[in-house]
Amino acid sequence: MADRGGIGRVARRFARQLRGPEKPLTVTDRLDRWARRIAEFGVLDRAYLEAQTGRAFASDDEAIAFYVHNDGQRGLSLSPLVEHEWMREHQPVPAMSWYDALHQEGPELFQTGPLFDAGVYAASVPAADRPASTLEALRRFLRGATDETALPVPPGRRGPAPTWGAARTAALQGARDFAAAQHRTRRRYRSTWDGPETLDLAARYPRGNARRDAEQPLVSIVLPVHRRADVVGAAIDSVLAQEHGVWELLVVDDGSGDDTVDVVRARAGGDARIRLLERENGGAAAARNTGLAAATGAFIAFLDADNTWRPQHLSAALAALLDGDAPGVHTGLRMVGANNADDATAPVETFRGEDGTAEDLLAGNFIDLNALVVRRDVADAVGPFAEDLRRWIDWEWLLRIAEHAAVPEYVPVIGVDYDNVRDPRRLSSGQPASWQEVALARHRIDWDALAAAAPDRVRGRVSIVMPVFRDWTMTRRAVDTVLGAADHDGDDVEVVVVDNGSPRSVSAVLDAWFRGDPRVVLQREDRNRNFALGSDLGLARSTGATVVMLNNDTEVTSGWLRPLVAALEDPTVLGVQPLLVYPDGVVQAAGTVSGGDKVLPWHFLGDHPRYDADRAFRTTASRRFTAITAAAAAFRAEDLIRWHGFDPVYANGLEDVDLCLRAVAAAEPGAAFVVEPASVVVHHESRTPGRDDARIENRRVFDERWRGRWPAADAAARYEDAGLRYLGVEPGLPKGHAVMVRSSRPVVVRAPGATGHRVAVKHDGSRTADVTALVAALEGAGHAVQVDMPTSWYRGSSGLDDVTVLVSGSGGAGATSFVPQPGARNVVWLAAGQRVADGDFAVVVSASEGVDGVLSAV
7 MADRGGIGRV ARRFARQLRG PEKPLTVTDR LDRWARRIAE FGVLDRAYLE AQTGRAFASD
67 DEAIAFYVHN DGQRGLSLSP LVEHEWMREH QPVPAMSWYD ALHQEGPELF QTGPLFDAGV
127 YAASVPAADR PASTLEALRR FLRGATDETA LPVPPGRRGP APTWGAARTA ALQGARDFAA
187 AQHRTRRRYR STWDGPETLD LAARYPRGNA RRDAEQPLVS IVLPVHRRAD VVGAAIDSVL
247 AQEHGVWELL VVDDGSGDDT VDVVRARAGG DARIRLLERE NGGAAAARNT GLAAATGAFI
307 AFLDADNTWR PQHLSAALAA LLDGDAPGVH TGLRMVGANN ADDATAPVET FRGEDGTAED
367 LLAGNFIDLN ALVVRRDVAD AVGPFAEDLR RWIDWEWLLR IAEHAAVPEY VPVIGVDYDN
427 VRDPRRLSSG QPASWQEVAL ARHRIDWDAL AAAAPDRVRG RVSIVMPVFR DWTMTRRAVD
487 TVLGAADHDG DDVEVVVVDN GSPRSVSAVL DAWFRGDPRV VLQREDRNRN FALGSDLGLA
547 RSTGATVVML NNDTEVTSGW LRPLVAALED PTVLGVQPLL VYPDGVVQAA GTVSGGDKVL
607 PWHFLGDHPR YDADRAFRTT ASRRFTAITA AAAAFRAEDL IRWHGFDPVY ANGLEDVDLC
667 LRAVAAAEPG AAFVVEPASV VVHHESRTPG RDDARIENRR VFDERWRGRW PAADAAARYE
727 DAGLRYLGVE PGLPKGHAVM VRSSRPVVVR APGATGHRVA VKHDGSRTAD VTALVAALEG
787 AGHAVQVDMP TSWYRGSSGL DDVTVLVSGS GGAGATSFVP QPGARNVVWL AAGQRVADGD
847 FAVVVSASEG VDGVLSAV
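Using this note's numbering, the final residue of the sequence shown is 864, and nothing's skipped along the way.
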């Protein structure tokens, strides 16, 4: 009999040669393979994925294919029970992808999300029938669960375990809210025009078209200009070319002082419809208001000097306005150039124009003022442009129109050619982006209403306001510690978490974890509103008579809150902060001090040993400051409301100092902020993405506002209270171009005549008993002692230490890697069997010499 196996092998080898070498797998091939395997998991909740994406899928396979090809940018989830970021913190191998962690089907049972713990589920199943893997546990639960089935939630989740039906309903609603926010904040620029170049007005707006031609309404066009002689002529020419010729053009020269007015007069050419209004420089809002005050038309339109209109702009807008009852309309824009300097890949030509709701407008402006035509009665009703705004002036005005009447309607024709090339002469190029939050705040927070309701706030309740951006891990820990401390101490608290437009997972995880505790309120913002506006929105949502601003990278302990509340019983106390320390015990902030004019305020005793704070706050008077940090600070709610909270013009920096200075300026003499050392809060001081992006602009705003009124220098007396001498500041290099404020840090030395040594005991935690005994002996001998873990071995204040004592770790044969400190007496206390190289340390104390040997060496 022939060797059929051998023949088959030969045939297959020959077939492979005919096919040629196998093609390598493409990225798409790998994603498709991944999708097929995920489908085999059997955990997809298609309705949940559809809710997140705002789209429908014909099948599970289509849904999973969309997921694997798009999840990199979206952070999507296949099930309310599977949160990838949560899994990463609980699966056996953190670096493994969520897919691989489930696909491995190892014996470890772990948590797949804040609502499902495979170990808890397995424990509820008879031993003989328990699942052997996390994936099996998840599959079996989903197959057998009904809406009334209680979820096997991880230990530590507060409140009763929710049912699968209730949890899924909440997750679906959260997913729909997320998808709606994504739609509201989508990029509204398009690379191609998807509407008509011209509009068949007779067909689309027959009544309006006829009324326009019959009534010939007058349109008042407001054109502000400042030093734009090079472009204003083209703008005027585009008005002269309008199909609708019944208009008046009010050119408002805002104190140009160059030949701009000559260009305007020349272009007018005796045309009585063009009027030149000259005024002193006051900004774009003031110039537009000058034009509005002089307008006589039934409709108002706007054009900036560096943009032009298409001939059909006014005719199309008027047809739409006269056809219906909209308060205003806006046409489409063709934009040339990329105004965003960070977007180097932006196409040269983009288009914008679409309808939107009031919620869409609150999420971000999509109506350009150059494309807008409004009814005169609407413009009169909403009033003039806000002259105190330096940017987003038009958006704020549009928000008022939407509140008074409705959002202006969209006319789908290109009416404006918009110069989008970045130009430093533009208002938007010279002012910080945070003015957007200033404009928005006026339409999100009604301070008068809050003030009227302040007496009805719950007495005895403390509202913790916690803005968060992109981090649920620290936030969960921070909120859990607040609730745990309240449970221990019996305090009435609520925690208002303001999610500043984080990725989907942040709100999804926090909502799932804290939904069982009614004390936690989660408010998600469409965009990142920064610390100031985020905190103000949390204040507006809160109900307590006392409000604590608390960073999400903090940890509180039992007993932290009542000393803060008690301090506010003194009417001269405007606000109070705890002593903030790093996890290793080193001080992070103990109040805010100033070095005088042009010296940025800094955290008092930042990076100092705890004993410096104990010395500094021996008297009540020494605890009173002009400013404190808002990383953890308690206020009376009525005071915060009266001060209108933090000013959103600051983007994550100096808003707390500004608030304190405004409060002190408005208070009776003798009022102050206080540091309460009896309250201690651990501050991990995370580096949130983008946290320092606006530090230069923040300095500019602070300097402009407080120029000539910077807080008085008080650093010298503060450090003297701590037994130190303040010599001045070490200035940083100039940064930020025209910003006239340099960075600085204090220069501090030991005060003359101080008794005892400042001793820093460095150890790695392996000889705790030895360290405890050594500290007691050193303090008994009159020395000040700071125990430094490795994270604080080289803290910023270490130059003040007279002596360092390295308690060498007991884990190895050699000494640890601590580098002796220049200028100090460096002592090493060896563990049994250890040795160091000669000359590494000034004094070497052997294990046998013990504490007495170290004490004599010091």
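Glycine included, each C-beta is placed from N, C-alpha and C at the ideal position.
Burial is judged here by how many other beta carbons sit within 10 angstroms of a residue's own beta carbon; M746 has fewer than 16 and is exposed. Taking the Cα of S628 as reference, the smallest distance to any Cα among I647, A678, L580, L405 is reached at A678. With fewer than 16 other Cβ atoms inside 10 Å of its own Cβ, L739 counts as exposed. Secondary structure at H232: coil, using DSSP grouped into helix, strand and coil.
For the pair F147 and Y127, the Cα-to-Cα distance works out to about 8 Å.
Proximity to V851 across V813, S823, E365 peaks at V813, based on C-alpha coordinates. One alpha carbon belongs to V474, the other to L84, and they sit about 25 Å apart. DSSP places A53 inside the alpha helix (DSSP H), whose first and last residues are 52-59.
Membership of S798 in any alpha helix (DSSP H) is not indicated, and neither H nor E is assigned to it by DSSP. At a cut-off of 4 residues, not a single continuous stretch assigned as alpha helix (DSSP H) sits fully inside the region 573-614. By DSSP's assignment, R756 forms a beta bridge with L730. Considered as a whole, the region 496-535 harbours 510-520 as its complete alpha helix (DSSP H) runs of no fewer than 4 residues, in chain order.
Three or more pairs of CB atoms, one per stretch, sit closer than 8 Å, so the region 489-504 contacts the region 461-474.
G565 and A637 have their alpha carbons spaced roughly 18 Å apart. At a Cβ-Cβ threshold of 7 Å, P438 and E703 count as neighbours. Comparing C-alpha distances from V380 to each of Y416, L368, L861 shows the shortest one belongs to Y416. Listed as beta-bridge partners of N426 by DSSP are no residues whatsoever. Between the beta-carbon of L256 and that of G297 there is about 4 Å, and that keeps the pair under the 8 Å contact cut.
It is roughly 11 Å from the alpha-carbon of A235 to the alpha-carbon of R271. Counting only runs that start and end inside the region 635-686, the alpha helix (DSSP H) elements of at least 4 residues fall at 643-648, 661-672. In the structure shown, E286 falls within a coil segment according to DSSP collapsed to helix, strand and coil. Between L50 and A62 the beta-carbon gap is near 14 Å, outside 8 Å, which marks them as no contact. Around the beta carbon of Q594, a 10 Å sphere encloses 16 or more other beta carbons of the protein chains shown; the residue is thus reported as buried. The region 571-591 makes contact with the region 655-672, as at least three CB pairs between them are under 8 Å. No Cβ-Cβ contact shorter than 7 Å links P414 with A304.
Scanning D374, V225, D183, P569 for the CA closest to the CA of L328 turns up V225. With three or more CB-CB distances shorter than 8 Å, the region 720-736 counts as touching the region 751-767.
Contact annotation, D66 with R52: C-beta distance approximately 6 Å; criterion of less than 8 Å satisfied. Contact annotation: the region 514-530 touches the region 174-185, with at least three C-beta pairs closer than 8 Å.
L178: member of the alpha helix (DSSP H) spanning 170-190, first to last residue.
For the options A377, T625, V419, Q827, the alpha carbon positioned closest to that of W401 is the one of A377. A residue is called buried when at least 16 other Cβ atoms come within 10 angstroms of its Cβ; G601 meets this threshold and is buried. Taking C-beta atoms as the reference points, V681 and A596 count as a pair closer than 7 Å. At the C-beta level, A408 and A364 come within 7 Å of one another. Taken through DSSP and simplified to helix, strand or coil, Q117 comes out as strand. 7 Å or more divides the Cβ of L82 from the Cβ of Q117.
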